[in-house]
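Numbering (full-length UniProt numbering), first residue to last: 1 to 178.
This is the structure we're talking about:
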């Protein structure tokens, strides 16, 4: 009787055995040693976090910002500034819209590490139509979230008094609106 069952259902047994073999080898594939895996990674160290224009602006920004009240962080991802409101349908779609977008600088209140101002340094690339669409989107996202965004045109030199006044106005406007 066992022989009869084996003859009739040999293909089912073969499939089950094949699945078991596949399952057992699945975990062992691509394991290699850590050094082998890391040796295949195509990464190199970036020499600079900021462009030359951003570094120049950062120096002036450091001079005019009250370092006892604020941290200045460069290249801040929008995902670190805003989040999708709970209960929103299509959470992932909205999250992905801000993913991989960043602002050039953000000021954070030292005592709470809360963002108080985002700053975009607008060079000539911001004159392109695609970049203007991106900027309008970022402006809208930050406005909706209640974080002021200051656009500063990239220049060879900056007026520290004017920059300090613009930063102060943007922060004060936001604090009055809250």
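Beta carbons: idealized from backbone N, C-alpha and C, even for Gly.
For residue i, the three-state DSSP class (helix, strand or coil)
i, result
"residue 48", "coil"
"residue 135", "helix"
"residue 55", "helix"
"residue 91", "helix"
"residue 102", "strand"
"residue 153", "strand"
"residue 115", "strand"
"residue 148", "coil"
"residue 77", "strand"
"residue 122", "strand"
"residue 41", "coil"
"residue 6", "Confidence is the limiting factor: at residue 6 the pLDDT is only 49, short of 50, which leaves the residue's position unreliable and the question unanswerable from this model."
With 16 other Cβ atoms within 10 Å as the buried cut-off, status of residue i
i, result
"residue 165", "exposed"
"residue 76", "buried"
"residue 6", "Residue placement at residue 6 cannot be trusted, given a pLDDT of 49 that sits under 50; what the coordinates show is reported in the next sentence. Residue 6 should be labelled exposed."
"residue 54", "buried"
"residue 82", "buried"
"residue 167", "buried"
"residue 170", "buried"
Alpha carbon of residue i to alpha carbon of residue j, nearest angstrom
i, j, result
"residue 56", "residue 97", "30 Å"
"residue 159", "residue 79", "31 Å"
"residue 162", "residue 49", "26 Å"
"residue 124", "residue 60", "20 Å"
"residue 172", "residue 132", "26 Å"
"residue 67", "residue 40", "43 Å"
"residue 135", "residue 154", "15 Å"
Check whether residue i and residue j have beta carbons under 8 Å apart
i, j, result
"residue 138", "residue 103", "yes"
"residue 114", "residue 108", "yes"
"residue 46", "residue 110", "no"
"residue 58", "residue 74", "yes"
beta-carbon residue i near the ligand MN non-hydrogen atom, thresh 7 Å
i, result
"residue 152", "Among the components modelled here there is no ligand, and therefore nothing to report on the ligand MN."
Does the contact criterion of 3 or more C-beta pairs under 8 Å hold for the segment 141-151 versus the segment 107-122? yes
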